[in-house]
Structures are given as structure tokens and as C-alpha cells.
Amino acid sequence: MKLRLARHSMGDAVVVAVEGELDLFTAPFLRDEVRDAIKQDSSRLVLDLQQLSFMDSSGLSVLIEAWRLATGEGGGVSLAAPQAPVARILRTTGLDRRIKVYTDVDSAVGGM
């Protein structure tokens, strides 16, 4: 499955919806999108993971890089609505303790 990305503004945050599978081959596309979103739109980034069905360590690396870049710019990153397999990876690695995870996009934007 391919990776699909869609970006839009919501309040003073930028939301990037991630759909499909995030792996070694697709992670560079998300990395580029995140960099552009933070530099062009807002350092407050919400990644909507509702339609992300799979993520490996390459995807985790992109999330960590996004967090570092956004916090370096004075903003932050929140994750919204990860499916069970993705949420399990976030918990197992402890990344959910560094990047806040919310049940939906509205909560993620409001919680920043």
C-alpha cells in the first residue's frame, strides 16, 4: 500500500493526515512533508494517524525528528487517533511519553 499525505491548517496548528503504511520506503515522503509543514506553516504540528495501518522503526524516526524540529522552533508535535497496531508501537517504545497522543484531531489541536 502506498502512503498518502494531506496537509491543512487548523487554528494556529498544521495537521498532516497520514494514510497507508509508514516504512523504510515511504518514511522519506513523510519526513519531507513534516519539514515543509513546520518551516512553511507552523511549528505546532498534529499528525493525524487515524488511517495509518502500519509503522516500523523508520516511521518512529520521522516522528522523533518532527518532535525535535518543532520543539526547536518553539512549537510541538501531537499525534491523533493512532490505530491499535501503531498505538502499541508508540507505547512499547515509550514515544507516547515524549509526544502526546490524543483520541482525535480536535483534541490534539486543542491540547497543544
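Take the sequence shown: its position 54, counting from 1, is numbered 54 in full-length UniProt numbering, and each next residue is one higher.
Glycine included, C-beta positions come from ideal geometry on N, C-alpha and C.
Please read all numbers here as calculations on a predicted model, not as lab measurements.
Just reading off the alpha helix (DSSP H) that residue i is part of, what are its end residues?
i: Gly76; result: Unbroken run through Gly76 is the beta strand (DSSP E), Gly76 to Ala80; no alpha helix (DSSP H).
i: Gly20; result: Looking at the DSSP string, Gly20 is not in any alpha helix (DSSP H); the run it does join, the beta strand (DSSP E), is Ala13 to Leu22.
i: Leu69; result: Ser57 to Gly72
Which whole-angstrom value describes the C-beta separation of residue i and residue j, a residue pair presumed to lie in contact below a C-beta threshold of 8 Å?
i: Ala13; j: Leu47; result: That pair is no contact at about 11 Å.
i: Glu21; j: Leu3; result: 6 Å
i: Val62; j: Ala27; result: 5 Å
i: Val15; j: Leu5; result: Val15 to Leu5, Cβ: 11 Å. No contact.
Out of curiosity, what's the CA-to-CA distance linking residue i and residue j?
i: Ile89; j: Arg31; result: 19 Å
In the DSSP assignment, what are the bridge partners of residue i?
i: Val46; result: Val15 and Ser78
i: Phe54; result: Glu21
At what residues does the beta strand (DSSP E) containing residue i begin and finish?
i: Arg7; result: Arg4 to Met10
i: Lys39; result: Counting along the chain, Lys39 falls outside any beta strand (DSSP E), and DSSP gives it neither H nor E.
- Could you say if the region 60–71 and the region 37–44 meet the contact criterion of at least three C-beta pairs nearer than 8 Å? yes
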